[in-house]
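Residue numbers (mature numbering (1 follows the signal peptide of the UniProt record, and there is no 0)): -28 to -1, 1 to 646. Encoded as structure tokens, the structure appears first; notes follow it.
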């Protein structure tokens, strides 16, 4: 299937190229900004150049990165079309960009390549995380004469964007005319190459984005638009970005631009022909114009015909590939269910009826690869939660197979039960038992909803019991890879049930680690897993440790609203542990209504589980025993050890922890703070 898609893309690229050269172009406008040539750019507000790259927002020490905005534009007007001659320009631009979220779990802005009225003037009304430094929040289309290709990192329901990370085309409005999700996230230290091209004949504006380091990570979209309706004849081109309440940096590492230039309307007139040959030359020119028009017309007709035939062929091929995909899915799932006792296969129609055709009112929320709806099965009247995988998500398809083939074989009171599944017409759906009390994070971070200490205590043990079953008690070891509060569901009695096995992997019980692409959620990913891509029981234990610290403290593992020394929950609690002051971090809403010995034990076990050296973490069974007072507390170092990693390419399995006292020992004597 991958090869078919690759061939299709190559053919489409050739067609676009053919259409681009159907009419001869005038002498091109071309530039490539690197090094000294950056002086030909105009920088506004916080944007600047360090001599090598373009920085669109604040990116310097001792400066606030929040609420920053800036732009960098080419210093000359670029001809786009000419009213008198009717000529239009095509263009292609390529650039390498990076968006660094500085380790934040949430994002707040984005950058854009844009075309606008010349000269472009960026003022304070264009600031704010969702404005890209381009659009006036309350401006009309006349105020926003901008066509932009957005690379956004913040979702705002007001503007109907795609999810948090998205790429879109916006015409004179912050609301994208067309957009696509970017997954995995494009915020980090990675660099991405982008290409934006416009064909003036077909009026096709196309965008491509690809990871410089990982060829498989690529996205594309296109939108047909006549730019003459929205932009003046001569435009300003460049980049703009803005941040909101959170910090991000936006960098353009290189930029080249190529455009067909327009014939000038102000060329000096040619000398008049002599009377003796004037009529002959006029006739010859008339014939030449007719030949050129015929050639252009035939060229356009042939190209359009080829394009129509290609679209028809591709549609038929895609239909065949969808059928092959469904057959492959069916085979994979049937092989997994040979032992019997698997979940039920539902028809699409039955699930559409259960959710009132996936009505907006039935929507419970959104996950990484799809949406979740509440439904009632028509035949049994059972309430269910139905997860609908995004159609175009290749990773979502992998998760679908993983979820159906793994969780369907697991049976435990603390695991969400998979009732059934469906794959029809390109739709992938999973049917789960319905959890009326939603997820742990829904209660844990809410000011209105308070979980008592006994409830939290039972939830933590329920989660630990689920991991013990996955790691040691089932026939194979299951590494979940995404243990976090939003994946801990709560039934009617607030009993914890671990769900979302889309990232789970099966490994043998005697296997130490399993190499995968690092996946999961930042803030809960073990450092060795993030660095080496090796998932293990120990990396699940790390995530469990973070969750029980959140249960005790009633807050997120990373909370930018907290004071600077408290933003990172793990680091803050370990610092308090060194001062024998663990209880300082406990959720104030509990009003000290808890068993202090249980609470201290909870927090110390949480720190033990998140030890930077995975060799010094407990197994989930050891953690449970200590939580139950069936084992002694560990003697942790007073300062949090710093994880030290050698180059994964040289020594992928070597992980060291460095501190004044990094060894963990189990003492038979309980410390005084217990």
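A virtual CB, placed ideally from N, CA and C, is assigned to each residue, including glycine. The structure presented is a predicted model; accordingly, all values stated were derived computationally and were not measured.
Euclidean distance between Cα positions of residue i and residue j
| i | j | result |
| --- | --- | --- |
| residue 87 | residue 203 | 8 angstroms |
| residue 53 | residue 143 | 17 angstroms |
| residue 183 | residue 420 | 42 angstroms |
| residue 437 | residue 386 | 7 angstroms |
| residue 568 | residue 376 | 42 angstroms |
| residue 542 | residue 565 | 23 angstroms |
| residue 81 | residue 15 | 19 angstroms |
| residue 559 | residue 324 | 42 angstroms |
| residue 240 | residue 205 | Low confidence applies here, because residue 240 scores a pLDDT of 36, under 50, leaving its location unreliable; read the following figure in that light. Rounded to whole angstroms, residue 240 to residue 205 spans 21 angstroms at the Cα level. |
| residue 496 | residue 544 | 16 angstroms |
| residue 595 | residue 503 | 25 angstroms |
| residue 47 | residue 93 | 12 angstroms |
| residue 382 | residue 391 | 12 angstroms |
| residue 562 | residue 493 | 28 angstroms |
| residue 215 | residue 579 | 34 angstroms |
| residue 357 | residue 50 | 54 angstroms |
| residue 441 | residue 463 | 19 angstroms |
| residue 577 | residue 533 | 26 angstroms |
| residue 530 | residue 521 | 12 angstroms |
| residue 373 | residue 353 | 27 angstroms |
| residue 593 | residue 450 | 15 angstroms |
| residue 409 | residue 597 | 28 angstroms |
| residue 334 | residue 343 | 11 angstroms |
| residue 607 | residue 513 | 18 angstroms |
Enclosing beta strand (DSSP E) for residue i [first to last residue]
| i | result |
| --- | --- |
| residue 515 | Note, residue 515: premise wrong, no beta strand (DSSP E); alpha helix (DSSP H) at 509 to 525. |
| residue 183 | 176 to 183 |
| residue 470 | 468 to 470 |
| residue 228 | 221 to 232 |
| residue 96 | Unbroken run through residue 96: none, as it is neither H nor E. |
| residue 393 | 390 to 396 |
| residue 413 | From DSSP, residue 413 is part of no beta strand (DSSP E) but of the alpha helix (DSSP H) over 412 to 416. |
| residue 171 | 164 to 171 |
| residue 120 | 118 to 124 |
| residue 206 | 206 to 214 |
| residue 86 | 82 to 89 |
| residue 454 | Neither: residue 454 is in no beta strand (DSSP E) and is coded neither H nor E. |
| residue 404 | 399 to 405 |
Residue i classed as buried or exposed, judged by whether at least 16 other C-beta atoms fall within 10 angstroms
| i | result |
| --- | --- |
| residue 318 | buried |
| residue 360 | buried |
| residue 30 | buried |
| residue 132 | With a pLDDT of only 46 at residue 132, under 50, the local geometry of the prediction cannot be trusted, and no value is derived from it. |
| residue 277 | exposed |
| residue 60 | buried |
| residue 316 | exposed |
| residue 56 | exposed |
| residue 499 | buried |
| residue 461 | buried |
| residue 220 | buried |
| residue 452 | buried |
| residue 123 | buried |
| residue 648 | Because the chain here runs from -28 to 646, residue 648 falls outside it and cannot be looked at. |
| residue 556 | exposed |
Start and end residues, alpha helix (DSSP H) containing residue i
| i | result |
| --- | --- |
| residue 665 | A query on residue 665 cannot be resolved here, the shown segment of the chain reaching from -28 to 646 and no further. |
| residue 437 | 425 to 440 |
| residue 500 | 499 to 504 |
| residue 593 | 592 to 599 |
Residue i - DSSP class collapsed to helix/strand/coil
| i | result |
| --- | --- |
| residue 337 | strand |
| residue 550 | helix |
| residue 382 | coil |
| residue 606 | strand |
| residue 345 | strand |
| residue 587 | helix |
| residue 4 | strand |
| residue 325 | helix |
| residue 186 | coil |
| residue 51 | strand |
| residue 18 | coil |
| residue 555 | helix |
| residue 496 | coil |
| residue 316 | strand |
| residue 352 | coil |
| residue 46 | strand |
| residue 195 | strand |
Counting Cβ pairs, one atom from each stretch, are 3 or more of them under 8 angstroms apart for the region 417 to 435 and the region 390 to 401? no
| said: Measuring CB atoms only, is the region 517 to 528 touching the region 579 to 589, in the sense that at least three cross pairs come out at less than 8 angstroms? | reply: yes
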